[in-house]
Ligand code: GLA
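Numbering (the numbering used here), first residue to last: 1 to 355.
In structure tokens:
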């Protein structure tokens, strides 16, 4: 029996799925109109729906307690429900009538570690609605609506990377995305390499407030420089007039954009990895979104022979690290790094590939 059936006693009328993502390079560049390089992960979120005979929406997410009931005039207090609520309201605003629905959510995307469980939930919800109501939404529009749901209903002033990745990326090639034009193309990973993601075990407690603050700092830096966004700054030489803190924030964005462009032209895994290492240093020193634990985990990864490069991934402030490894060495690297991280008193966990 499906999860939906065991909660609601009938089969769903539509099902939508979407994956999480891990970002290989291009962190905190998307809300500056810059470049990103995410790849989808194997873990997915599945949303199932059926028209309800009741007058309210009923939402049941596995692992999130009981069923939440709401209507579209007032947001439910439960945080996880606000992502689904936001998608429903935004679709209604586009002029599509939405009948009361029974909604079931199940997911194996790790939550709160920087692998975009929220984007996966938003995109899966919109895909399911598209199927149920026969709406002509393309995958880019789905990503745009999903981003608005996150900003307007979940309170994170995010860029569009996660939702574009969840809607358009696949698990075998990275997605090079220009977040300003939304131009994109798939990029092969360096031959013989594979992606390893390890959770640092440190919760991202300050992520939402710190994230919104970083975004505001970038906007202030762009305003002072007289450009529409930091994407328009070609070189760090143009930053000299900025106050120190804003200069460092902007320097991260400008150098990170350049690293993504260089990475897709790299011919070796070593060169790609070196750019990941530089990205981590920039996120740690200039952007200040790392933590001592993330720094330790990244240093352990970088010290391994089978690792080409490693960095924190996602918004930072805790969460996971990504490494580009020799595919054949991956499992051994993971085991050794977890042992050393444990010896330092921390509890890490391999998230990608799923164990
Ligand atoms: C979060 C946001 C993205 C992006 C990253 C940082 O995942 O949702 O839009 O800004 O942080 O690169």
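Don't be surprised by glycine CBs; every beta carbon is placed ideally from N, CA and C.
Quick caveat: nothing in here was measured; it's all calculated off a predicted structure.
- Nearest in C-alpha terms to residue 233, of all of 254, 47 and 141, is 254.
- In the structure shown, residue 135 adopts coil according to DSSP, grouped into three states.
- Taken atom to atom, the span from the alpha-carbon of residue 294 to that of residue 47 is near 32 Å.
- Rounded to whole angstroms, the separation of the alpha carbons of residue 218 and residue 276 is 22 Å.
- Every unbroken stretch of the beta strand (DSSP E) spanning 3 or more residues and falling wholly within the region 274-333 is given here in chain order: 307-312 and 320-326.
- Check the Cα spacing between residue 173 and each of 194, 60, 308 and 328: the tightest is with 194.
- If one requires a minimum length of 4 residues, the alpha helix (DSSP H) runs lying completely within the region 114-182 are 117-133, 139-153 and 161-168, in chain order.
- From the listed residues 209, 199, 29 and 20, the smallest Cα separation to residue 123 is found for 20.
- Distance from the C-beta of residue 158 to the nearest heavy atom of the ligand GLA is below 6 Å.
- Relative to residue 339, the option among 352, 296 and 322 whose CA is nearest is 296.
- Distances between the C-beta of residue 28 and the heavy atoms of the ligand GLA include at least one below 6 Å.
- Pairwise C-beta distances place the region 124-139 in contact with the region 43-57, as three or more of them are shorter than 8 Å.
- Beta-bridge partners assigned by DSSP to residue 16: 47.
- In this structure, residue 314 has its beta carbon less than 6 Å from a heavy atom of the ligand GLA.
- In this structure, 90 is the residue among 157, 90, 118 and 312 with its C-alpha nearest to the C-alpha of residue 141.
- With a 10 Å radius around the Cβ and a threshold of 16 neighbouring Cβ atoms, residue 162 comes out buried.
- Nearest to residue 66 by alpha-carbon distance, out of 87, 137, 80 and 221, is 80.
- Judged by their CB atoms, residue 197 and residue 320 are nearer to each other than the 7 Å cut-off.
- Residue 79: member of the alpha helix (DSSP H) spanning 79-93, first to last residue.
- Restricting attention to 114, 110, 113 and 145, the CA atom closest to the CA of residue 127 is found in 145.
- Residues 296 of the same chain have their beta carbon placed closer than 7 Å to that of residue 344, with the five preceding and five following residues left out of the count.
- Following the DSSP letters along the chain, one finds residue 256 inside the alpha helix (DSSP H) bounded by residues 244-264.
- DSSP, reduced to helix, strand and coil, places residue 209 within a helical segment of the structure shown.
- In chain order, 8, 50, 52 and 58 place their CB closer than 6 Å to the CB of residue 102, counting only its own chain and leaving out the 5 sequence neighbours on each side.
- Shortest gap from the CB of residue 162 to any heavy atom of the ligand GLA: under 6 Å.
- In the assembly as shown, residue 43 is a buried residue. Its beta-carbon has 16 or more other beta-carbons within 10 Å.
- In this model, residue 180 and residue 230 are separated by some 11 Å (Cα to Cα).
- Under a 10 Å Cβ-count criterion, residue 313 is classified as buried, with 16 or more other Cβ atoms of the shown protein chains found around its own Cβ.
- Distances from the CA of residue 29 to each of 269, 335 and 315 were compared; the closest alpha carbon is that of 315.
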